[in-house]
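Participant: Right, I'll just put the structure down here and ask away after.
Numbering (the numbering used here), first residue to last: 3 to 130.
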């Protein structure tokens, strides 16, 4: 895999998430994927994403920064959305909030095998 291929694969993965095209998620995510050190597997990872979209109906992943050094991608994602109820243990309750997420991915071939993610919870707290 080259530096040119991996960013295109990652952008296609983000587009898949934004379309909520769960049937195609397996094209981008390995069957044994782990998230923040927990092995989710593809079905668990998909369930996590589906819950995210259920809890945040207007969820949209926007890439703000993308750095690639195969087999890794580092990305800063930006969100402007209205989570329902409690989000990250915060009483957001449908208010619009903006925040970022810093995410590191490890790929095996063309599929994500590891995800490490940190959401800027302090930014949300400041808006509440």
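For glycine and all other residues, C-beta sits at the position ideal for the given N, C-alpha and C.
Entirely within the region 38-76 and at least 3 residues each: give me those beta strand (DSSP E) ranges in chain order.
Facilitator: If we require 3 residues or more, the beta strand (DSSP E) runs fully inside the region 38-76 come out as 64-71.
Participant: Which whole runs of the beta strand (DSSP E) in the region 87-112 are 3 residues long or more, in chain order?
Facilitator: Within the region 87-112, the complete beta strand (DSSP E) runs of at least 3 residues are 99-110.
Participant: Determine the closest residue to residue 58 out of 107, 111, 52, 85, with distance taken between C-alpha atoms.
Facilitator: The candidate whose alpha carbon is nearest that of residue 58 is 85.
Participant: May I have the straight-line CA-CA distance separating residue 23 from residue 52, to the nearest angstrom?
Facilitator: Between residue 23 and residue 52, the C-alpha separation is close to 10 Å.
Participant: Mind checking residue 67: buried by the 16 CB within 10 Å criterion, or exposed?
Facilitator: Residue 67 is exposed by the Cβ-count criterion.
Participant: Going by beta carbon distance, what residues of the same chain come within less than 7 Å of residue 90, once the five residues before and after it are set aside?
Facilitator: Closer than 7 Å at the Cβ level, and outside the excluded window around residue 90, lie 121, 123, 126.
Participant: Quick check on the DSSP output: the alpha helix (DSSP H) that includes residue 129 runs from which residue to which?
Facilitator: Looking at the DSSP string, the run of the alpha helix (DSSP H) that includes residue 129 is 123-129.
Participant: Check residue 29 in the structure and name its three-state DSSP category.
Facilitator: Residue state, collapsed to three classes: helix.
Participant: Measuring alpha carbon to alpha carbon, tell me which of 9, 114, 47, 76 ends up nearest residue 103.
Facilitator: Answer by Cα proximity: 76.
Participant: May I ask which residues mark the beginning and end of the alpha helix (DSSP H) holding residue 7?
Facilitator: That run of the alpha helix (DSSP H) goes 7-21.
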